[in-house]
Amino acid sequence: MRRKSIAKILLFSALSVTIVSCEQEFTEMGSDIIGNDPFGFDKYVVQNIETANGETTSANTRNLPVNNFGVYTHSAFGKTAAHFVTQIEMGDNNDLSSFGDNPVLDSVYVYIPFTSSVSSTDSDGNKSYDVSNIYGSGKFTLNVYENGYFLRATDPNNEFETQFYYADEKPMFDQYKKGLNGSDRLNNAANTAQNTEFTFNKSEIKLYAYNADGTPQLDDDGNPKVKERIAPGIWLDLDKNYFQDKFFANNKYKSISNNAVLKDYFRGLYFEVVDAYNQNALAQLNLSQGKVVFVYKQDGTVDSETNQPKRERKTYEFSIGYDSSTSATSSATTVNLLESNFDLENNSVGNLWLKGGNKTSYATISLFGNDNDNSGKADELETIINNNWLINQALLTVYVDHSVMGLDTISVPKQLFLYDFKNNKILADYTNDTSTDKSVFSSGLNTSNSSVHKYQFRITDHINNLIQKDSTNVPLGLVVANDITNSVMNPVKTTDKKTPVTATMNPFGTVIYAPDASNSELKMKLEIYYTKEN
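If you count by mature numbering (1 follows the signal peptide of the UniProt record, and there is no 0), then the sequence shown holds residues -22 to -1, 1 to 512, one letter each, in order.
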């Protein structure tokens, strides 16, 4: 090997270490290598790339880490409406024996925090927040019902394996929902922002202090006294009389001895979205951070003067949502119900449409073309192998088609996920990327050029395995992603095929140019940087 070749390899090795340790500079460093080629690597652009669009059936949405909630309409992808169902659980699996005698509810509320961080605090203690994962500032009608459909843990029709629930099963839950007078919403507060004009309020929530007789406490300036400040989130007051009857009439609560009994007796809450205003407002929620709270009074100690029990004000918190962590405090089953009017068959012409949510619209990517000489390898790949190149880097780049996507940049996926489509597995480059956010493998959406947005993937290890280890040249799958660090494959309905769960959690979409696009600068491409071995 020539000294010049050795020097190139050593330089690239040093650069690779820099990339791994400074993954946040992926895009800039990658662009420098490709655009300026400062190390003199030779570049080969793969000539044969074939792609196809496809769509799965409805995906399993049981116990997703992120649940979508709200409504969003996109000019290219149509309308998505997202609802959810969640069980409730007693804390630490305790029964309701902590309730004293004669409990009477003062209020019942639901609180589900948004993803947020404090940005500033003023002299009075009021906090401002940066809130993420909310798309659009519109409003919709929100109805909360008691869920009447029993959510099983296992499927008796499938050897008691995990019971799956699918995104398209809203009609099934509609059939069994319960409310006031049979069908009226439970979130019936006078404040219409909690029902008929629901919005995602990004402001701090203040809870005020009250005296034992129910009158508000005042601070030194005569203003209502703030008892607690909590981060922005969904706050809904539910009809206390409904829950008084459900849990406390005839001492029903005393028979609810554990969470298994609770989940059968009260099967959770169903949050239904109605698009009454044709406005965009959709949030991505971690339901396991939420809670349902009973505020009530019960008999306490006996008053020595009246010989009657004093009434004590108490609270009891039920957890909601599912948390898969080892320290999880909630294992309540959730189901995300997703509706979409997007039709891939009528849209995927001339480019590749990627969309997540209910069904996954995906692209398959086949590299290196046909095996015309029946050698067992694609002809182009065989040529590369025979060249005895040392592969320094392989970079797959895809470009967004702005002529189709329009001006909506709010919902454009920040990440795409590339994987082994045939075997539903991650690629070697994904496995070998030790960065916490997988940013060496995937750059995410690059918007440094305002008119040309792109996604890039380093698949060097994958290509080297094809060349050096005789690995199978499997088709690759490309989908939208909510979180590429989650590589779990998710079941879909009526087939053994799976889809990445990260695509199910992202209801939005993007359109990318195919490798045969008329604009050669924007078509999908695979560039291989190599050093010749002599």
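Every residue gets a Cβ at the ideal spot worked out from N, C-alpha and C, and that includes glycine.
None of the values given here were measured: they were computed from a predicted structure.
Same chain, Cβ closer than 6 Å to residue i, five either side skipped, listed in chain order
i, result
"Gln2", "Low confidence applies here, because Gln2 scores a pLDDT of 39, under 50, leaving its location unreliable; read the following figure in that light. Excluding positions up to five away in sequence, the list is empty."
"Ser98", "Ser106"
"Val489", "Asn329, Trp331, Asp379, Val382, Met383"
"Lys57", "Thr51, Asn319"
"residue 585", "In the structure displayed, the chain extends from -22 to 512; residue 585 sits before or after that span and is not available."
"Gly78", "Gln276, Asp277"
"residue 552", "One cannot answer for residue 552 here, as it falls past the ends of the chain, which runs -22 to 512."
"Glu250", "His61, Asn121"
"Ile363", "Ile445"
"residue 541", "Beyond the ends of the chain as shown, which are -22 and 512, falls residue 541; an answer cannot be given."
Where the beta strand (DSSP E) through residue i begins and ends
i, result
"Asn276", "Residue 276 is actually Gln in this sequence, not Asn. Element bounds for Gln276: 269 to 280."
"Ala259", "259 to 263"
"Ala30", "27 to 33"
"Asp398", "393 to 398"
Whole-Å CB distance - residue i paired with residue j, under 8 Å assumed
i, j, result
"residue 519", "Leu164", "With the chain covering -22 to 512 only, the question about residue 519 has no answer from this structure."
"Glu505", "Val23", "6 Å"
"Asn401", "Lys476", "Actually they do not touch by this definition, with Cβ atoms about 10 Å apart."
"Thr29", "Thr342", "7 Å"
"Asp253", "Ser85", "No, Asp253 and Ser85 are not in contact; Cβ-Cβ is about 29 Å, not under 8 Å."
"Val376", "Lys432", "7 Å"
"Val452", "Asn464", "Their Cβ separation, rounded to whole angstroms, is 21 Å, which puts Val452 and Asn464 out of contact at 8 Å."
"Gln267", "Asn111", "Not really, about 12 Å apart at Cβ, beyond 8 Å."
"Asn336", "Glu317", "7 Å"
"Gln393", "Ile441", "That pair is no contact at about 22 Å."
"Leu315", "Lys148", "4 Å"
"Val270", "Val88", "5 Å"
Close Cβ partners of residue i (< 7 Å) along its chain, the five nearest in sequence each way excluded
i, result
"Gly116", "Tyr255, Gln257, Asn258, Ala259"
"Thr64", "Gly246, Leu247, Leu265, Ile298, Gly299, Ala310, Thr312"
"Tyr144", "Ser36, Ala37, Asn38, Thr39, Lys471"
"Asp439", "Ala406, Asp407, Asn410"
"Asp146", "Ser36, Asn336"
"Cys(-1)", "Because Cys(-1) carries a pLDDT of 41, less than 50, the predicted location of this residue cannot be relied on, and no value is offered for it."
"Asp108", "Ser94, Ser95, Ser97"
"Tyr188", "Pro194, Gln195"
"Asp102", "none"
"Asn135", "none"
"Ile(-14)", "Because the pLDDT at Ile(-14) is just 46, under 50, the model does not fix this residue reliably, and the point stays unresolved."
"Met150", "Tyr127"
Helix, strand or coil at residue i according to DSSP, with G and I counted as helix
i, result
"Leu504", "strand"
"Glu147", "coil"
"Gln172", "helix"
"Pro16", "Here Pro16 scores only 43 on pLDDT, less than 50, and its place in the model is too uncertain to base an answer on."
"Asn442", "helix"
"Met483", "coil"
"Phe62", "strand"
"Thr320", "In the sequence as displayed, the identity of residue 320 is Phe instead of Thr. Reduced to three states, the DSSP call for Phe320 is coil."
"Leu129", "coil"
"Thr119", "strand"
"Phe346", "coil"
"Asn452", "Checking the sequence, you will find Val at residue 452 rather than Asn. Residue state, collapsed to three classes: coil."
"Asp70", "helix"
"Val458", "strand"
"Asn464", "coil"
"Glu499", "coil"
"Ser266", "helix"
"Asp494", "coil"
"Phe178", "coil"
"Asp474", "coil"
"Ala37", "strand"
"Asn229", "helix"
"Ser95", "strand"
Neighbourhood of residue i by C-beta distance below 8 Å, restricted to the same chain and skipping five residues each side
i, result
"Ser(-10)", "Per-residue confidence for Ser(-10) stands at a pLDDT of 49, beneath the threshold of 50, marking its modelled position as unreliable; no derived number is given."
"Leu129", "Val63, Gln65, Gln141, Tyr143, Lys241, Arg245, Gly246, Thr311, Val313"
"Ser496", "none"
"Lys501", "Tyr377, Tyr491, Ala492, Pro493, Asp494, Ala495"
"Lys180", "Phe92, Ser94, Tyr107, Val109, Ile112, Pro210"
Where the alpha helix (DSSP H) through residue i begins and ends
i, result
"Asn364", "357 to 364"
"Asn237", "237 to 243"
"Phe221", "218 to 221"
"Ser106", "Per DSSP, Ser106 belongs to no alpha helix (DSSP H); it is in the beta strand (DSSP E), 105 to 110."
"Gly390", "Note on residue identity: the sequence assigns Val, not Gly, to residue 390. Segment: none, Val390 is in no alpha helix (DSSP H) and carries neither H nor E."
"Asp407", "406 to 410"
"Val382", "380 to 383"
- [ ] Flag this pair as touching only if the region 274 to 287 and the region 93 to 102 have three or more C-beta atom pairs under 8 Å; answer yes or no.
- [x] No, the region 274 to 287 does not touch the region 93 to 102.
Task: Any 3 or more C-beta pairs closer than 8 Å across the region 478 to 497 and the region 442 to 459 - done: The region 478 to 497 vs the region 442 to 459: in contact.
Task: Given 8 Å, three or more beta-carbon pairs between the region 365 to 372 and the region 339 to 353 - done: No, because fewer than three Cβ pairs between the region 365 to 372 and the region 339 to 353 fall closer than 8 Å, the two stretches do not touch.
- [ ] Count the C-beta pairs between the region 36 to 47 and the region 190 to 201 that are closer than 8 Å, then say yes if the count reaches three, no if not.
- [x] Below 8 Å, too few C-beta pairs join the region 36 to 47 and the region 190 to 201 to call them touching: fewer than three.
TODO: Count the CB pairs spanning the region 20 to 35 and the region 213 to 224 that are closer than 8 Å, and state whether there are at least three.
DONE: No, they do not touch.
Task: the region 236 to 250 / the region 282 to 295 touching (three or more Cβ pairs under 8 Å) - done: At 8 Å Cβ cutoff, the stretches do not touch.
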